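Our numbering numbers the first residue of the sequence shown as 370 and each following residue consecutively. Note that CB positions come from ideal geometry on N, CA and C, so glycine has one too. Note that the structure is predicted; figures quoted are calculated from it, not measured.
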Amino acid sequence: MLLYDSRLHLFPGKWRSRWAGPFIVTHVFPHGVIDIQDPTRGTHFKVNGQRLKPFLELPAEEREVECLILYEPECRD
370 MLLYDSRLHL
380 FPGKWRSRWA
390 GPFIVTHVFP
400 HGVIDIQDPT
410 RGTHFKVNGQ
420 RLKPFLELPA
430 EEREVECLIL
440 YEPECRD
């Protein structure tokens with residue numbers, strides 16, 4: 370999951386993303402509270418579920434791109 374960074378930044382940068390992560394969901398509590406874990410640090414904390422969005426990434430072996438070359442048909446008079 371990605372976590373929305375809602376802190377006030379005076380100069381956040383026009384193209385800088387406000388989403389931090391990825392994080393791992395460890396437990397879902399009632400009323401929308403979600404416990405997430407930072408895999409790099411191993412820390413757990415609780416956040417509002419509305420501040421999260423799914424993080425979709427293809428596995429490394431599936432990142433190959435297939436190239437298809439199209440040719441125009443020959444004109445026959």
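Worksheet item: With a Cβ-Cβ cutoff of 9 Å, do Arg385 and Ser375 count as a contact?
Response: no
Practice prompt. Alpha carbon to alpha carbon, how far is Pro442 from Gly418? Give it in angstroms, no decimals.
Written response: 54 Å
Fill in: Unbroken stretches of the beta strand (DSSP E), 3 residues or longer, contained in the segment 371 to 412
371 to 373, 393 to 397 and 402 to 406
Item to complete: Note down the Cα distance separating Leu421 from Val434, rounded to an integer number of angstroms.
Response: 29 Å
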